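Visitor: Residue numbers (the numbering used here), protein chains in the order written: chain Y, 1 to 336; chain S, 1 to 336.
Number of protein chains: 2
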Amino acid sequence: MGIQAFAAFEARQELHSHSYEPDPLGPRDAEIEVSHCGVCHTDISLIDDQFFGLSSYPLVPGHEVVGKIVARGADVSNFEVGDRVGAGWLCGSCGECEACRSGEPNLCPGAQGICAGRPGGFAERVRVDSRFLAAIPAGLESEQAAPLMCAGLTVFTPLDELAVQPGTRIGVVGIGGLGHLALQFAKAFGCEVTALSGSPTKSEEAARLGADHFALTSDAEAVQRLASSFDVLLVTADGDLPWNLYLSLLRPKGTLWLLGMPQQPLAVESILLMLPSRSIKGSIIGSPDQMQRMLEFAAKHGVRAWTEPMPMSDVNTAIDRVRKGEVRYRMVLTAG
Amino acid sequence: MGIQAFAAFEARQELHSHSYEPDPLGPRDAEIEVSHCGVCHTDISLIDDQFFGLSSYPLVPGHEVVGKIVARGADVSNFEVGDRVGAGWLCGSCGECEACRSGEPNLCPGAQGICAGRPGGFAERVRVDSRFLAAIPAGLESEQAAPLMCAGLTVFTPLDELAVQPGTRIGVVGIGGLGHLALQFAKAFGCEVTALSGSPTKSEEAARLGADHFALTSDAEAVQRLASSFDVLLVTADGDLPWNLYLSLLRPKGTLWLLGMPQQPLAVESILLMLPSRSIKGSIIGSPDQMQRMLEFAAKHGVRAWTEPMPMSDVNTAIDRVRKGEVRYRMVLTAG
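#1: Report yes if the C-beta distance between Y/Ser130 and Y/Phe79 is below 8 Å; otherwise report no.
#2: Can you grab the Cα-Cα spacing for the pair S/Val155 / S/Val126, in whole Å?
#3: Who are the near neighbours of S/Leu258 in its chain, counting only those whose CB is closer than 6 Å to its CB and skipping five residues on each side?
#4: Which partner residues of Y/Thr307 appear in the DSSP bridge assignment?
#5: From what residue to what residue does the beta strand (DSSP E) around S/Pro61 run?
#6: Along the alpha helix (DSSP H) that carries S/Ile47, what are the first and last residues, could you check?
#7: Along chain S, which residues have their Cβ under 8 Å away from the Cβ of Y/Val155?
#8: Between Y/Asp83, Y/Ser55, Y/Gly26, Y/Glu33, which lies nearest to Y/Gly347 when the distance is taken from Cα to Cα?
#9: Please report how far the alpha carbon of Y/Ala71 lies from the alpha carbon of Y/Ile114, in whole angstroms.
#10: Mind checking if Y/Ala5 is an interface residue toward chain S, Cβ cutoff 8 Å exclusive?
#11: Helix, strand or coil, according to DSSP, for S/Cys108 in the structure here?
#12: Less than 8 Å between the C-beta atoms of Y/Cys40 and Y/Glu64, yes or no?
#13: Less than 8 Å between C-beta atoms, sequence neighbours within five positions excluded: which residues of the same chain meet that for S/Ile136?
#14: Would a C-beta distance cut-off of 8 Å place S/Ile32 and S/Ala8 closer than the cut-off?
#15: Determine the direct distance from the alpha carbon of Y/Leu245 to that of S/Val332, and round the result to whole angstroms.
#16: Assuming Y/Ile319 and S/Leu273 are in contact, meaning their beta carbons sit under 8 Å apart, how far apart are those beta carbons, in whole angstroms?
#17: Looking only at DSSP bridge pairs, what is S/Ser17 linked to?
#18: Below 7 Å on C-beta distance, what does S/Pro265 contact in chain Y?
#19: According to DSSP, is S/Ile32 helix, strand or coil?
#20: Mapping DSSP to helix, strand and coil, what is S/Glu80?
#21: Would you say Y/Ser248 reaches chain S, if we count a Cβ-Cβ gap shorter than 8 Å as a contact?
#22: Using DSSP with H/G/I as helix, E/B as strand and the rest coil, what is Y/Cys100?
#23: Name the two residues that bound the continuous alpha helix (DSSP H) containing Y/Trp243.
#24: At a CB-CB cut-off below 9 Å, which residues of chain S make contact with Y/Ala99?
#25: Any C-beta of chain S sitting closer than 8 Å to the C-beta of Y/Ser283?
#26: Under 8 Å between beta-carbons, which chain Y residues line up against S/Met261? List them in chain order, please.
#27: What residue does the beta strand (DSSP E) around S/Thr337 start on, and which one ends it?
#28: Quick check on the burial criterion: 16 or more other C-beta atoms within 10 angstroms. Buried or exposed for Y/Gly82?
#29: Restricting to Cα atoms, I'd like to know which of Y/Gln165, Y/Asp219, Y/Ala138, Y/Trp243 is closest to Y/Lys187.
#30: Determine the chain S residues that contact Y/Glu104 at a beta-carbon separation under 9 Å, and present them in chain order.
#31: Which chain Y residues are close to S/Leu258, counting only those with a beta carbon under 9 Å from its beta carbon?
#32: Any idea what DSSP makes of S/Leu273, helix, strand or coil?
#33: Identify which residue in S/Leu133, S/Ala99, S/Asp49 has its Cα closest to the Cα of S/Gly88.
#34: Does the distance from the C-beta atom of S/Ser93 to that of S/Gly117 stay below 8 Å?
#35: Hey, Y/Gly177 and Y/Ala237: beta-carbon distance below 8 Å or not?
#36: Please identify the residue among Y/Ala138, Y/Leu162, Y/Gly325 whose C-alpha is closest to the C-alpha of Y/Gly302.
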């Protein structure tokens, strides 16, 4: 029985209905009936064939999936049919390398993405290796949980790895799909949180999302006043940003952590790294373990994606709103 | 009574004899009779006025000082007259900022250097705030200890802060004054050590210094074979290096640590940082606590600078050999 989905048939085009025959259900696989699927900017990049040449058409986007398991392979023991689960970008890895064996298949050189060569969640159902799924805690609504599967995990990972704690001074550059979750997570960790945005209209919302302070990135004096003030700067914006200025906002031993993916090389002054012993680091997504802990943390501490729901049949309208940057803060497609 | 020293009187010139009246001995100060002083590349940069505008003339270089205390201020209780001590670059800080209060005055924005506005160790005596001195362990010869005060501390700091341990895979780029000590320290920590150098003649010496492996940086294939192999890459060379190539030599979560100070901005590809979650970090010197621990570690584990001694009266010949890159691996001026 084929799976009904929405697919791009060539780069930069609208999606159309698409039915495909899934690969046989592997012993480790689970089939999920999709109830919700977030729309990530990476989906747009994939549709447009602007993501590392990973696009192949027909391309079914969608890697912020929530739904119920309707079938499982013989070797799946961690989930039952009927369980509500989430799937993110990661859906496969070599299983043999050091990263895989240390529980970080997201860092495997052979890591596989759910929309890159395999169909994603803009569909009625999707099949995913159950080792990369997470259980959705009871307290999380599916609509608010879906964006956590990619955007939430992406911003949780640096907070987890840097072991931030109450009092850690964090700046979040870019208040969008990622940034609005970063503010909430950082606040829930007890951090002192500053939002940096190019949109003055986001000041009030940033405060509601947990920001203690707000700085307009177009206000040079306001940004300068933040010099040497952050332990961590999470940069969720992409584009060609003033990297040396942002580095100068870090305290000694501070870390600038890239979460957007700038296309241009970063021209970094070594003295800004060396004298105060600052770091630049980056990551995408996180490990399956971090994914599960992130969801439980979000459920417990009230971290919720701010969503705009839309029926999956209106997928092209949804994508158009994401392209225009109109969504505050995450578009979520709903089944039916 | 004036202090006899050697000073540059203008940029890029030879040093000449120079007598100066020291500031009164402060309550925290110690006066050191210099027995040995290493010649660091930063001394050359200071002589040439190519170090952040910090040079003022007459300029007495020398910040790898070892000698005996011959006088001390009223509030000095951690050292006695006659103690053998070492002084490095750091000689002052604000004492009030977060870095100072957390024991890291080296990261104080107001940190002061011994040759930058204050006379250094190319002299018979030098006065330094005793809070920035370290005791030289009995097992270390002064000639071998002197280069540890700057070069040794500089390479010890990242190993200490990254908490490297037996099995950590470390590459050292550039086998000179810093690099030859980095190989020894890394080996003494039990690490798997690879030396990367542009000089094929250094292969055999690198092995004697503790390197398990050697790669010639001009051999593109040899370097490519090291892809994704290091946890830590200590870059002691300066200049405009192939940063993206070096980043690609790091394993997931690996750290490239800058110890030379490149003049040109580093044009870094974000994808090389983000996909494998790598870091770029940098530092200069280290804290007074790290300085003392570094000396004790060196004494215990047999880390010794390979030195070329020369009487201080031949200072210009010594500097000339450093300028020409002829010294293997550290020139040390001796009293008299």
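Ideal placement from N, C-alpha and C gives every residue a C-beta, glycine not left out.
Quick caveat: nothing in here was measured; it's all calculated off a predicted structure.
Guide: For this structure:
#1: yes
#2: 25 Å
#3: Val235, Gly282
#4: Y/Arg330
#5: Looking at the DSSP string, S/Pro61 is not in any beta strand (DSSP E), and its letter there is neither H nor E.
#6: 41-47
#7: Those do not exist, as Y/Val155 stays about 14 Å from chain S at its closest Cβ, beyond 8 Å.
#8: The question about residue 347 of chain Y has no answer, for chain Y in this structure spans 1 to 336.
#9: 18 Å
#10: no
#11: coil
#12: yes
#13: Val66, Arg84, Val85, Gly86, Ser142, Ala145, Leu295
#14: no
#15: 40 Å
#16: About 29 Å; that fails the 8 Å criterion.
#17: S/Phe6
#18: Ala267, Val268, Glu269
#19: strand
#20: coil
#21: no
#22: helix
#23: 243-248
#24: Arg251, Pro252, Lys253, Pro276
#25: yes
#26: Ser270, Ile271, Met274
#27: This structure cannot speak to residue 337 of chain S, because chain S is shown only from 1 to 336.
#28: exposed
#29: Y/Gln165
#30: Pro252, Lys253, Ser277
#31: Ser270, Leu273, Met274
#32: helix
#33: S/Leu133
#34: no
#35: no
#36: Y/Ala138
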